[in-house]
Amino acid sequence: MINTVYNYSILGAIKIRLYPNKIQEQKLAQDFGNARKVWNLALDLKQKAYANGESLSCYDIKKMLPVWKNGEYDYLKQTHSQVLQESILHLDGAYKNAFARVKQCKHATSRRTKNSNVFGFPVFKSRYDSRQAISYPQGVTVSGNKITLPKIGQIKARVHREIVGKMKTVTILRESTGKYYAAILTEDFKLIAEPLQSFDAAKIIGIDLGVKDWIVDSNGNKLPNPHHLKKSLKKLHRLQKDLSRKIEFAKDRCIADGKPTIEQRNYFGSNIAKNRKHVALAHEKVRHARENYQHQVSFILANENQVVVAETLNIRGMMANRRLSKAIGDCAWGGFLIKLDYKLKAKGGQPVQISTWFPSTKTCNHCGVINEHITLNDRMWTCSSCHATVDRDINAALNIRDAGIVKIKAAGLSVYAHGGHVRLDAVGQAAAAEVGSLCDYA
Ligand SMILES: [Zn+2]
């Protein structure tokens, strides 16, 4: 099959590591502080306006910038003006997102209290926040292994990939590990394949996601759970215990010295700062290992298949189970499915989601009878109707695949097989009933 290839505008992002020198670090610290100051001043204005039943637009607040600069906060002049404006813009965006979440939740019954910030309304920022950031809407240039920022100058960088397309916003970050990064958003005209309209049955795969085996596919392959977090948990636990012990000790000493409470809270000796960094580094290592693994597995799946069928995950519901939440969080299926989704689409493939309520585990793939007696402990079971003995997870993956094929056909796309028509065992037509978008991971 020949794929016509055509231009497609897409927003890409690339994160590169920065190595600022001591002077540049100081300048950046000043800019982080100034952007934070503007955020906090603007937030204060907004909150006061809301309390009076009014609302302030982004434009209203921007008009305050010269007033602040020429008045009490003249140090704001040291920072590039667009960085400060961007801070106000971000605050506005954060408010809009929070209001959108409120609107979305209005019909849902909620037991949440009014006081907790469940909708994620913007909060005041502190110099002790683990992540500091400033954004430049324009004016940043990259050449070779150097990135040039307005008012700061050339910073050494490790540009590990060519930056293609027009650069949009550039965000400079300082993570809790003390490492600096530039997150560059680009508008890129990428070559991507036109979506396929008919699929080779041999290249349609169903995947069952689990805790014990991370992924079981309909071809019978089992990928064990890498347990990135579990492995490092012991070390993390020790580091975290070290840290909290030192903080408690410091607090005690502060009280003994009779220092004010704000100092108690913010008292971080150099040893504590060092421990804090160790904890952050351990977390980062887990995160990187997990991301890497997800990229590798999704790359292979997207390369070998045209369609990957998975069940919609009710992650929030599963996380509510306290005993399982840590193990499920460690699995990180959400991030994996997002990566799989765009990797498949870039090749013209199609991710398909089927409902969580589809009885993929209890349905026998040979005869379609639902076996209600199956429990979580039955790794292998025998069908009460056709007496076939099946592997629990592989059977589920096969059912997921079949339900996906039904859904593809119902959406008006075709499936062909080499030598004969597609074998579709008597899987419940539940999947066909819920035709809509084939996939919307959110
Ligand atoms: Zn059966």
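Here the sequence shown is numbered in our numbering, starting from 38 and rising by one per residue. We put the beta carbon where it would ideally sit given N, CA and C, even for glycine. All of these numbers come straight from a predicted model, not from anything done at the bench.
Inclusion of residue 262 and residue 161 in the CB contact set at 8 Å is not warranted, their separation being larger than that value. For residue 388, the enclosing beta strand (DSSP E) stretches over residues 387 to 391. For residue 56, the closest C-alpha among the options 207, 216, 118 and 120 is that of 216.
With contacts defined as CB atoms closer than 8 Å, residue 436 and residue 414 fail to qualify as a contacting pair.
Beyond the five residues adjoining it in sequence on each side, residue 83 comes within less than 6 Å, by CB distance, of 93 in the same chain, given in chain order. The beta-carbon distance between residue 331 and residue 369, rounded to whole angstroms, is 7 Å. This is short enough to meet the 8 Å contact definition. Distance from the C-beta of residue 406 to the nearest heavy atom of ligand 1 is below 7 Å. If you check the C-beta of residue 403 against ligand 1, you find a heavy atom less than 7 Å away. In the displayed model, residue 201 falls within coil according to three-state DSSP, outside both helix and strand. For residue 348, there is no enclosing alpha helix (DSSP H); the residue is part of the beta strand (DSSP E) that begins and ends at 344 to 348. In its chain, beyond the 5 residues on either side, 398, 415, 416, 417 and 418 have a beta carbon closer than 7 Å to the beta carbon of residue 429.
Under the 10 Å beta carbon count, residue 308 is surrounded by fewer than 16 other beta carbons and is classified as exposed.
In the three-state DSSP reduction, residue 334 falls in the helix class (H, G or I). Taking the CA atoms as reference points, residue 334 sits about 44 Å from residue 116. If you ignore the 5 residues before and after residue 244, its C-beta comes within less than 8 Å of the C-beta of 252, 253, 254, 255, 338, 345, 346, 347, 434 and 437, all in its own chain and listed in chain order. In this structure the segment 94 to 113 does not lie against the segment 196 to 214, because fewer than three pairs of beta carbons, one per stretch, are closer than 8 Å.
Rounded to the nearest whole angstrom, the CA to CA distance from residue 63 to residue 258 is 53 Å. Within 7 Å of the C-beta of residue 433 there is not a single heavy atom belonging to ligand 1. Looking from the CA of residue 364, the closest CA among 183, 138, 165 and 265 belongs to 265.
DSSP, reduced to helix, strand and coil, places residue 170 within a strand of the structure shown. Inclusion of residue 61 and residue 221 in the CB contact set at 8 Å is not warranted, their separation being larger than that value. Nearest to residue 349 by alpha-carbon distance, out of 209, 235 and 396, is 396.
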